[in-house]
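Here the structure is laid out as structure tokens; the discussion comes afterwards.
Residue numbers (my numbering): 340 to 484.
Encoded structure:
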């Protein structure tokens, strides 16, 4: 199995059970080893009392992209801690895209950076996540599914 095949199979297995990301309205755009891209169109249920996209929605989009990138090697991996910096507000109707890229993987610990941009390519938020591999796999290697 190639790294790309493994990443896609892991993503498919995760996506099948990911109620939170689908509830938010996220879409899995692309995945590869150590990378993932998810997108979301800001809807009425995503805006806060200021009329802008709630920071928790932006964080969740970045966090989901982080999760798909971290689990792309089929090693169950979870977050240790994450930080986010909000650069500009996202507005109702904006198309947000979160690009996650693993920048370090040493033993069981990784660091992944995620940029969230709007449809104009403007930076909305910058997220950094620290991950930790745990026991288990996303899917059993050798399964035909």
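Built from N, CA and C at the ideal position, the CB exists for glycine as well.
The beta carbon of residue 376 sits closer than 6 angstroms to those of 368, 369, 438, all from its chain and outside the five residues before and after it, given in chain order. Nearest C-alpha to residue 347 among 454, 412, 429, 424: 412.
In the structure shown, the three-state DSSP call for residue 340 is coil. Looking at the backbone, the Cα of residue 390 and that of residue 359 are separated by about 23 angstroms. According to the DSSP assignment, residue 452 belongs to no alpha helix (DSSP H) but to the beta strand (DSSP E) extending over 448 to 456. Out of 431, 372, 424, the CA that lies nearest to the CA of residue 341 is found in 372.
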